[in-house]
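Engineer: Protein chains in written order, with our numbering: chain A, 461 to 931; chain B, 461 to 931.
#1: Buried or exposed for residue 713/A, please, with buried defined as at least 16 other CB atoms from any protein chain shown within 10 angstroms of its CB.
#2: Quick one: is residue 917/A near chain B, going by C-beta distance under 8 Å?
#3: Relative to chain B, which residues along the region 752-769 of chain A have a C-beta separation below 7 Å, given in chain order?
#4: Going by DSSP, which residues form a beta bridge with residue 656/A?
#5: What is the DSSP secondary structure of residue 867/A, reduced to helix, strand or coil?
#6: Select from 744/A, 528/A and 706/A the residue whose C-alpha is nearest the C-alpha of residue 735/B.
#7: Contact defined as beta carbons within less than 8 Å: I believe residue 848/B pairs with residue 765/A. What is the distance between those atoms, to the nearest angstrom?
#8: Under the three-state reduction of DSSP, which class applies to residue 629/B: helix, strand or coil?
#9: Can you list the residues of chain B that residue 831/A reaches, using a CB-CB cut of under 8 Å?
#10: Output yes if chain D places a C-beta closer than 8 Å to the C-beta of residue 519/A; else output no.
#11: Taking the CB atoms as reference points, tell me whether residue 888/A and residue 816/A lie closer together than 8 Å.
#12: Quick check: what's the CA-CA separation for residue 665/B versus residue 571/A?
#13: Would you identify the three-state DSSP class for residue 728/A, choosing helix, strand or coil?
#14: Give the C-beta separation of residue 812/B and residue 842/B to the nearest angstrom, bearing in mind that I take them to be a contact with Cβ-Cβ under 8 Å.
#15: Determine the contact status of residue 672/A and residue 659/A, defining contact as a CB-CB distance below 8 Å.
#16: Does DSSP put residue 892/B in a helix, in a strand, or in coil?
#17: Can you round the beta-carbon distance between residue 794/A and residue 931/A to whole angstroms, since I take them to be within the 8 Å contact cut?
#18: For the alpha helix (DSSP H) containing residue 778/A, list its first residue and its last residue.
#19: Which residues, in order along the region 693-717 of chain A, keep a beta-carbon less than 7 Å from a beta-carbon of chain B?
#20: Would residue 566/A pass as a contact of residue 599/A if the rule is Cβ separation under 8 Å?
#21: Would you tell me roughly how many angstroms separate the C-alpha atoms of residue 483/B and residue 836/A, rounded to the nearest one?
#22: Rounded to whole angstroms, what is the Cα-Cα separation between residue 904/B and residue 749/B?
#23: Ignore the nearest five residues each way along the sequence and tell me which others in residue 461/B's own chain have a CB closer than 6 Å to its CB.
#24: Run through DSSP, which three-state label would residue 713/A get?
#25: If you count every other CB in all the chains shown that lies within 10 Å of the CB of residue 517/B, and 16 or more means buried, which is it?
#26: What residues in the region 604-626 of chain B bring their beta carbon closer than 9 Å to a beta carbon of chain A?
#27: Under 8 Å between the Cβ atoms of residue 745/B and residue 900/A?
#28: Measure the alpha-carbon distance for residue 759/B versus residue 622/B and round it to whole angstroms.
#29: Could you name the residues of the same chain whose beta carbon sits closer than 7 Å to that of residue 726/B, not counting the 5 residues immediately before and after it, in chain order?
#30: If you reduce the DSSP assignment to three classes, tell me which class residue 597/B lands in.
#31: Quick check: residue 619/A and residue 728/A, are their CB atoms within less than 8 Å of each other?
#32: In its own chain, which residues sit with a C-beta less than 6 Å from the C-beta of residue 478/B, not counting the 5 before and 5 after it?
#33: Please name the residues in the region 880-910 of chain A whose beta-carbon is closer than 7 Å to at least one beta-carbon of chain B, in chain order.
#34: Is the CB of residue 828/A under 8 Å away from at least one CB in chain B?
#35: Taking only the alpha-carbon atoms, compute the straight-line gap between residue 858/A and residue 501/B and give it to the nearest angstrom.
#36: Flag this pair as yes or no: are the beta carbons of residue 799/A and residue 799/B separated by less than 8 Å?
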């Protein structure tokens with residue numbers, strides 16, 4: 461192959477074709493591309509593998525690794541350019557990262573970590589085994605190591621862990637021109653990207669912020685103190701869910717993080733918050749369904765472990781609930797139709813409770829439900845419960861009359877439905893509110909309780925009424 | 461009251477106290493503050509109401525309105541400074557906004573809309589009744605009206621609706637210095653905040669982007685073409701969920717929106733995306749629970765309407781499922797214990813299916829599950845289903861033996877549990893995957909189907925086995 465201009469153009473065009481092929485229109489990885497990577501790895505074709513990986517954004521390389529079995533991942537890491545490695549490591553899911561980090565030499569890792577912002581670097585170091593962590597940190601320059609160590613000193617899922625220590629701050633008396641000149645000089649001390657200049661007093665407490673676009677559009681001689689806007693500070697020990705709420709509410713792009721005394725120690729940028737929001741909402745969905753997240757790469761045993769506890773708990777509550785049926789077994793023996801209709805009453809109650817519960821969990825998460833409107837919202841739920849119960853009572857009552865021709869049976873199931881849907885609505889809203897008041901996550905464990913209550917009440921109301929009305 | 465310096469200081473201190481009182485440590489509104497607003501409104505104390513509202517960020521005023529019954533909202537709007545009105549309107553929930561907009565005079569509204577970025581203004585106009593919309597638009601300057609109208613021409617929940625038309629673009633041949641000088645001159649044509657300069661070719665197609673922080677840190681004589689980075693374009697008709705996925709994946713702060721021909725027509729910024737992510741994840745939680753969002757301000761009737769359809773559908777599927785019990789009623793009459801244990805088998809199946817379903821919906825939403833790994837993930841789910849079934853079979857079998865002393869009954873319920881948990885795992889993962897393949901939202905309607913399958917199979921497996929083994 462000659463290395464003339466035509467050939468270069470050809471190769472450039474081929475690279476662009478690969479980029480087009482790699483992603484589907486919705487920017488998700490193309491399964492055909494994944495298959496090409498697997499094929500190249502299987503054939504041991506290093507040149508082709510490098511070519512394929514070069515066509516990908518680091519985030520897509522991380523994504524690709526998630527789709528591949530563990531054996532291929534080492535292969536991929538070995539074919540990454542050193543500067544890409546840092547970015548790919550920052551993007552990987554924790555459980556995949558823990559796995560691949562074992563295979564990256566400590567010296568390579570130390571170099572990659574130097575390239576990263578302190579928050580990303582700390583996340584990676586956090587996933588290392590103790591031995592390797594010591595080796596890697598020892599191989600890093602003093603300043604970077606100190607930044608990572610102080611980041612790891614903050615608790616997981618707090619502002620301190622989310623923040624990067626690199627931050628652009630300027631004293632109150634500076635002008636726009638002085639600030640711009642400082643930025644041109646400062647270089648590596650500044651974060652790779654920044655969106656606000658934090659204006660600080662002599663004690664390093666933030667007193668305002670100037671968006672970079674505002675800085676750009678102001679006259680050089682304008683004083684920062686004149687053009688700055690009020691700033692929303694984040695306490696370093698704030699939970700990441702609260703941080704996300706603040707960013708969402710005030711449409712923040714970045715925010716200064718302060719120590720208890722008020723001193724500026726870092727900044728959080730919105731791109732980290734987007735990840736937190738995704739994470740927290742995934743946690744809520746999974747918690748409501750009674751699963752802890754085993755991760756995309758989990759083995760069978762991990763998954764079983766993440767699901768069994770809730771199923772076992774549910775077996776126990778179900779055993780208690782069905783003891784009601786056992787108490788009424790003479791009645792059931794006399795009228796087997798009761799056994800046929802029982803699950804309908806319990807199931808409708810369970811579903812109505814799940815509806816209330818999901819609405820309540822969502823409202824609590826978005827702070828739309830608090831002491832100011834709690835009474836009104838709870839009252840509304842209960843009225844809705846009775847109203848839905850009444851509609852279903854008419855429907856079921858009519859259906860039961862058509863099938864079994866007994867108006868008293870229709871009355872019994874109708875009343876039982878109204879009672880159970882009222883109980884469902886009450887439990888569905890009160891259980892998460894109570895957990896929230898106790899400082900617990902309302903999504904976790906509400907569902908078990910609520911299902912138990914509607915099963916128990918469904919059986920009791922239907923069989924109790926049947927004993928009174930029918931037998 | 462004298463207007464001397466001491467008094468001014470006192471009043472400033474009082475205003476700061478109010479700000480501190482308004483929000484709790486987690487930046488949620490303080491119920492005590494809400495009560496003060498209600499009290500001032502009840503007493504008709506306009507001065508106090510203005511004082512209280514001035515202490516709040518516009519986002520908190522919007523939040524406050526959500527906590528108050530409808531009658532108070534008009535009062536609050538009337539006491540807002542004109543420049544705050546625009547910001548509060550942009551923050552309000554749609555259903556509250558629709559309601560309050562009726563009470564804002566068209567001329568006031570037209571002025572407020574001029575203050576807003578075109579995407580926010582279009583959202584507000586979209587919530588107006590037809591008559592009022594025509595009036596308000598007629599009262600606006602030609603350019604702002606045109607921007608709003610062309611924004612509304614794009615479909616709801618697409619990139620076109622999310623984007624603002626104000627955007628900072630620069631030709632390839634400009635230097636950093638030329639760009640900064642342009643920004644200083646351009647003024648109002650530019651967006652209020654911007655984070656990237658889009659570098660465009662003569663046909664206005666984006667060829668790269670320069671983060672504003674990069675612009676600030678580069679030498680004035682550097683060419684944009686030299687320092688620009690590759691840019692991720694968003695097609696104007698892309699669904700907002702896909703847009704959010706792209707922002708999350710590539711950690712974007714802003715992105716250029718292009719027409720089908722590739723021409724730059726606007727930009728989307730990450731603060732709008734944070735809202736979209738919250739919205740989409742709330743939709744998933746509610747859809748899985750079988751509720752459509754009636755909104756925080758919905759009346760009883762709206763809420764009943766948002767929940768009844770799923771309950772009615774569930775009544776119908778439950779009727780079909782319990783027809784299995786009816787078919788076996790002779791068996792149940794012979795052995796009433798079957799009626800007692802039946803709900804346990806169905807309920808555990810339903811819960812296991814909900815677990816699979818939640819995991820699958822989450823994996824599909826985050827694009828972690830696609831054709832490349834579908835077989836592996838589905839296989840894993842089924843093995844997990846059998847494994848969980850086996851553990852529960854042993855537990856329940858032992859419990860049933862202790863209670864009823866019949867090893868054959870233990871065997872029957874054990875086998876039924878293994879079968880039903882296998883079916884639950886299969887339905888929980890295959891149903892959302894099938895819906896996704898058909899281009900439907902996997903969170904919607906999977907749950908009904910899956911619950912039906914596990915009820916039906918639970919009854920059939922337990923009673924069928926009982927007929928074979930026990931009777």
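Cβ atoms here follow ideal geometry from the backbone N, Cα and C, with glycine treated the same way.
Only a predicted model underlies this, so the values are computations on that prediction, with no experimental measurement involved.
Structural biologist: Working from what's here:
#1: buried
#2: No Cβ of chain B is located within less than 8 Å of the beta carbon of residue 917/A.
#3: 756, 760, 763, 764, 767 and 768
#4: 671/A
#5: In the three-state reduction of the DSSP assignment, residue 867/A falls in the helix class.
#6: 706/A
#7: Between residue 765/A and residue 848/B the Cβ distance is about 10 Å, and since that is not below 8 Å, they are no contact.
#8: Here residue 629/B sits in strand by DSSP.
#9: 491
#10: The question asks about chain D, but that chain is absent: this structure's protein chains are A and B.
#11: yes
#12: 38 Å
#13: Three-state result, residue 728/A: strand.
#14: About 12 Å; that fails the 8 Å criterion.
#15: no
#16: It is helical.
#17: 6 Å
#18: 760-787
#19: 702, 705, 706, 707, 708, 709, 710, 711 and 713
#20: yes
#21: 21 Å
#22: 9 Å
#23: Residue placement at residue 461/B cannot be trusted, given a pLDDT of 42 that sits under 50; the coordinates are not used to answer.
#24: Judged by DSSP in its simplified three-state form, residue 713/A adopts coil rather than helix or strand.
#25: Buried.
#26: none
#27: The criterion of a C-beta distance shorter than 8 Å is not satisfied by residue 745/B and residue 900/A.
#28: Their Cα atoms are separated by approximately 29 Å.
#29: 623, 624, 625, 627 and 717
#30: helix
#31: yes
#32: 515
#33: none
#34: At least one chain B Cβ lies under 8 Å of residue 828/A.
#35: 50 Å
#36: yes
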